[in-house]
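Data block below; observations after.
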Amino acid sequence: MATAAFEEIVEDFEFLDDWEDRYAHVIELGKAMKPLDDALKVPATKVDGCASQVWLHVTIADGVLSFDGDSDAMIVRGLVAVLRELYNGVAVEAVGAVDAQAELGRLGLNEHLSAQRSNGVRSMVERIRLAAAG
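For what it's worth, my numbering labels the leading residue of the sequence shown as 1, then goes sequentially.
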């Protein structure tokens with residue numbers, strides 16, 4: 001189960017032959033993302049368990065989840081952008097059904113992220129799920 005926006009990323013990745021091109025594309029997605037307002041980079045939005053600094057500001061309106069985020073590391077900022085496309089617009093009751101690991105696996109990210117980055121992604125997903133659960 002993935003959003004249309006995430007499916008577009010999957011399609012883009014199908015045209016990228018090697019990991020270096022995919023890695024560069026993730027970074028470009030992060031660069032294209034609007035920066036998180038500094039006023040939202042507070043302890044309450046900081047994600048623990050990430051090697052770099054990561055902030056996620058989750059909002060729920062009319063039962064639909066959305067979030068903005070940022071990181072001080074370019075690749076992680078790109079991963080935040082990918083997760084935004086995966087989760088933004090998903091009904092809160094459906095957030096827990098999103099298999100982030102499987103969806104990211106479709107991009108070939110699982111086997112190419114370091115253990116620290118993978119742990120960070122898991123921490124971000126857990127933060128999103130907790131916010132959706134209320």
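Think of the CB as a built atom: it goes at the ideal place given N, C-alpha and C, for glycine as much as any other residue.
Local conformation of residue i per DSSP, three classes
{"i": "Phe67", "result": "strand"}
{"i": "Val92", "result": "helix"}
{"i": "Ala61", "result": "strand"}
Delimiting residues of the beta strand (DSSP E) encompassing residue i
{"i": "His184", "result": "Any answer about residue 184 is impossible in this case: the structure gives the chain only from 1 up to 134."}
{"i": "Leu86", "result": "Segment Met74 to Tyr87 is the alpha helix (DSSP H) holding Leu86; no beta strand (DSSP E) there."}
For residue j and residue i, the rounded distance between their alpha carbons
{"i": "Arg117", "j": "Ile9", "result": "19 Å"}
{"i": "Gly63", "j": "Ala94", "result": "10 Å"}
{"i": "Gly3", "j": "Gly89", "result": "In the sequence under discussion, the amino acid at residue 3 is Thr, which differs from the Gly named in the question. Using only the alpha carbons, I get a separation of about 8 Å."}
{"i": "Gly78", "j": "Gly108", "result": "14 Å"}
{"i": "Leu16", "j": "Tyr23", "result": "10 Å"}
{"i": "Leu65", "j": "Ala133", "result": "10 Å"}
{"i": "Ile75", "j": "Val26", "result": "7 Å"}
Limits of the unbroken alpha helix (DSSP H) element including residue i
{"i": "Lys32", "result": "Note that residue 32 is Ala in the sequence shown here, rather than Lys. Where Ala32 is concerned, the enclosing alpha helix (DSSP H) stretches over Trp19 to Ala32."}
{"i": "Ala39", "result": "Taken as a continuous stretch (DSSP letters only), Ala39 belongs to no alpha helix (DSSP H), as it is neither H nor E."}
{"i": "Gly105", "result": "Ala100 to Gly105"}
{"i": "Phe6", "result": "Ala4 to Glu14"}
Whole-Å CB distance - residue i paired with residue j, under 8 Å assumed
{"i": "Val54", "j": "Val92", "result": "21 Å between Cβ atoms; not a contact."}
Contact test: residue i Cβ vs the ligand PLP heavy atom, cutoff 7 Å
{"i": "Val90", "result": "Looking for the ligand PLP in the displayed structure turns up nothing, as the structure carries no ligands at all."}
Inset, instruction - Count the CB pairs spanning the stretch 122-129 and the stretch 47-62 that are closer than 8 Å, and state whether there are at least three. - result: yes
Inset, instruction - Evaluate contact between the stretch 65-73 and the stretch 40-54, counting only Cβ atoms and requiring at least three cross-stretch pairs below 8 Å. - result: yes
Inset, instruction - Please determine if the stretch 27-39 and the stretch 101-115 are in contact, where contact requires at least 3 C-beta pairs separated by less than 8 Å. - result: no
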